[in-house]
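S.K.:
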Amino acid sequence: MADHPKPIVVLSKCLELEACRYNGMSIKSDIVRRLLPHADIRPVCPEVEIGLGTPREPIRLVGSKEDPRLFQPSTGRDLTEAMKTFADTSLAELQQADGFILKSRSPSCGIKDTKIHRGESDPSPAGKGAGLFAAAVLERFPDAAIEDEGRLTNFRLRHHFLTKIFLRARFREITERHTMAALVGFHAANKFLLMAYHQTEMRNLGRIVANPKNEPIDEVHERYEAGLGHALARPARLPANINVLQHVLGYFSDGLSPREKAHFLDSLTEYRGGRVTMEVPLSIIHQWLARFRNDYIANQVFLQPYPRELMGLGDSGRN
Ligand code: SF4
Numbered sequence: 004m005a006d007h008p009k010p011i012v013v014l015s016k017c018l019e020l021e022a023c024r025y026n027g028m029s030i031k032s033d034i035v036r037r038l039l040p041h042a043d044i045r046p047v048c049p050e051v052e053i054g055l056g057t058p059r060e061p062i063r064l065v066g067s068k069e070d071p072r073l074f075q076p077s078t079g080r081d082l083t084e085a086m087k088t089f090a091d092t093s094l095a096e097l098q099q100a101d102g103f104i105l106k107s108r109s110p111s112c113g114i115k116d117t118k119i120h121r122g123e124s125d126p127s128p129a130g131k132g133a134g135l136f137a138a139a140v141l142e143r144f145p146d147a148a149i150e151d152e153g154r155l156t157n158f159r160l161r162h163h164f165l166t167k168i169f170l171r172a173r174f175r176e177i178t179e180r181h182t183m184a185a186l187v188g189f190h191a192a193n194k195f196l197l198m199a200y201h202q203t204e205m206r207n208l209g210r211i212v213a214n215p216k217n218e219p220i221d222e223v224h225e226r227y228e229a230g231l232g233h234a235l236a237r238p239a240r241l242p243a244n245i246n247v248l249q250h251v252l253g254y255f256s257d258g259l260s261p262r263e264k265a266h267f268l269d270s271l272t273e274y275r276g277g278r279v280t281m282e283v284p285l286s287i288i289h290q291w292l293a294r295f296r297n298d299y300i301a302n303q304v305f306l307q308p309y310p311r312e313l314m315g316l317g318d319s320g321r322n
């Protein structure tokens, strides 16, 4: 799996790209910096787009958790309608996106952890929720990978996010090729990945690809895409990943010495205990692939779901 298509990723512009925050600053993010050359980045700063300058007086969410408003205390301006209109228009124009990386805790971009204040003159907390732009993203793109830069410091969430955006980009390519052979190849290459994510959905997708009723290819693609979205709704669980890694061991065990097998099983124990990330057992499998030719395993997306340059960022444990 050497070739990776470029996923379409919408990015809060203040992450690495531009000093457009209310205080005239930008935010550093290792994962964003590394992702830039590998993705088709669509930068956006919703607050600048609705005409607020940089630097600017801070804005905040006020009111209820269910229906917060965007308010600028220093001017008394209610920016709710302006932001909702911008979000609707810009997201409708976007049409396709594989993922979004949005700035955490922002009243516009935060996906879940933005403070909501009780009222215009009552700053006491009413809870936390999504910023107004992010809320529109979550509603319009329910199957896309949507994260903030803070959560992406967690290995498991980052691995899931990256796996999903590159998988969605690959599926878009397959859809454009518009042949059953391409879809069959896609499913075969993602077999182990789907096994880790959702075994029931993997079998369902296998039945869709088999296409026993000879349905038109557009319908098959549509059903497959829906199933894929369901399979990748949540990160793969650790025991399921270990199960697949043990499954891969079975393909190589005849050629490995008892010490090599023990070394691999030790890495699984460390991974299970949370002392290393999945990258450790995966790197051992890559060494086996360099020694023993096995095209079926080498083609499995599970072993390298995204470019190598995006690996090795560690794990903050935060989520
Ligand atoms: S959080 Fe969003 S609105 Fe705020 S500066 Fe960053 S991109 Fe702009």
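Per my numbering, the sequence shown starts with residue 4, numbered consecutively.
Positions of the beta carbon are idealized from the N, C-alpha and C atoms, including for glycine.
None of these values were measured; they are calculated from a predicted model.
I want to check one thing, is the minimum distance from the CB of Arg45 to the heavy atoms of the ligand SF4 below 7 Å?
M.R.: For the purposes of this step, residue 45 is identified with residue 42 of the sequence shown, where counting begins at 1. Not so, every heavy atom of the ligand SF4 lies at least 7 Å from the Cβ.
S.K.: I'd like to know if the segment 109-129 and the segment 147-164 are in contact, where contact means that at least 3 CB-CB pairs between them fall below 8 Å.
M.R.: Flag = yes, the segment 109-129 and the segment 147-164 touch.
S.K.: Between which two residues does the beta strand (DSSP E) holding Lys1 run?
M.R.: No information on residue 1 is available, as it lies outside the stretch 4 to 322 that the chain covers here.
S.K.: Is Pro49 close to the ligand SF4? I mean its beta-carbon at under 7 Å from any heavy atom of the ligand.
M.R.: Position 46 of the sequence shown, counted from the first residue, corresponds to residue 49. At least one heavy atom of the ligand SF4 is nearer than 7 Å to the Cβ of Pro49, so yes.
S.K.: In its own chain, which residues sit with a C-beta less than 6 Å from the C-beta of Ile30, not counting the 5 before and 5 after it?
M.R.: Here residue 30 refers to the residue found at position 27 of the sequence shown. These residues qualify, in order along the chain: Cys17 and Leu18.
S.K.: When DSSP builds the beta bridges, which residues end up paired with Leu306?
M.R.: Locating residue 306 in the sequence shown gives position 303, counting from the first residue. Answer by DSSP bridge pairing: none, since Leu306 is not bridged.
S.K.: Our contact map puts Gly134 next to Thr156 with C-beta atoms below 8 Å; I'd like the distance itself, whole angstroms only.
M.R.: Within the sequence shown, the letter at position 131 stands for residue 134. Within the sequence shown, the letter at position 153 stands for residue 156. Contact doesn't hold; Cβ gap of about 20 Å is too wide.
S.K.: Helix or strand or just coil, what does DSSP make of Lys131?
M.R.: Here residue 131 refers to the residue found at position 128 of the sequence shown. Strand.
S.K.: Starting from the C-beta of Leu271, find all residues in its chain whose C-beta is less than 8 Å away, skip the five residues before and the five after it, and write them out in chain order.
M.R.: The sequence position of residue 271 within the sequence shown is 268, counting from 1. These residues qualify, in order along the chain: Ile245, Leu248, Gln249 and Pro284.
S.K.: What is the residue span of the beta strand (DSSP E) that Ile30 lies within?
M.R.: Looking up residue 30 in the sequence shown gives position 27. Counting along the chain, Ile30 falls outside any beta strand (DSSP E), and DSSP gives it neither H nor E.
S.K.: Report yes if the C-beta distance between Val13 and Val51 is below 8 Å; otherwise report no.
M.R.: Here residue 13 corresponds to residue number 10 of the sequence shown, with the count starting at 1. Here residue 51 corresponds to residue number 48 of the sequence shown, with the count starting at 1. Contact flag unset, no.
S.K.: For the beta strand (DSSP E) that Gln75 lies in, which residues bound it at each end?
M.R.: Start at 1 with the first residue of the sequence shown, and residue 75 comes out as number 72. Here the beta strand (DSSP E) through Gln75 covers Arg72 to Gln75.
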